[in-house]
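Note sheet for the following structure.
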Amino acid sequence: MEKFYIIWIMFVAAVLLYRMIFQKFQRHQRENIGLSAILIVFTGSSYAFAQMNLFFVIVVIALGAYCAVWNTILFTRNGYERARLK
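Quick note: the sequence shown, position 33, residue 33 per full-length UniProt numbering, numbers continuous.
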């Protein structure tokens, strides 16, 4: 079960980092917010994993929170701004 947590957390973090670095969060804002929430819940729910690697858990939760906040800002900005005339 512990390996499942590690593999799942690494996969979700890799997807978020790929979207952050290569796509510059230009697409998939809703999905990124959901992935960030899943990442935070899975990282925080494993008690033994959190006790073993406390620094790693804090870094992953901070990454998930940063991605969630930044994608929420981009989603609301893109959703409520009027399109400019060209």
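Built from N, CA and C at the ideal position, the CB exists for glycine as well.
Remember, predicted model here, so these are calculated numbers, not experimental data.
When the options are compared against residue i, the one with the closest alpha-carbon
| i | options | result |
| --- | --- | --- |
| Glu31 | Val15, Ile21, Ser46 and Trp8 | Val15 |
| Cys67 | Ala37, Phe22 and Lys3 | Ala37 |
Residue i classed as buried or exposed, judged by whether at least 16 other C-beta atoms fall within 10 angstroms
| i | result |
| --- | --- |
| Arg27 | exposed |
| Gln29 | buried |
| Ile58 | exposed |
Check whether residue i and residue j have beta carbons under 7 Å apart
| i | j | result |
| --- | --- | --- |
| Ile33 | Gly64 | no |
| Ile61 | Thr72 | no |
| Phe11 | Leu74 | no |
| Ser46 | Tyr18 | no |
DSSP three-state assignment for residue i, whether helix, strand or coil
| i | result |
| --- | --- |
| Phe22 | coil |
| residue 87 | No statement about residue 87 is possible, as the shown extent of the chain runs from 1 to 86 and does not include it. |
| task | Enumerate, from N- to C-terminal direction, the unbroken alpha helix (DSSP H) stretches of 4 or more residues contained entirely within the segment 44-79. | result | 47-52
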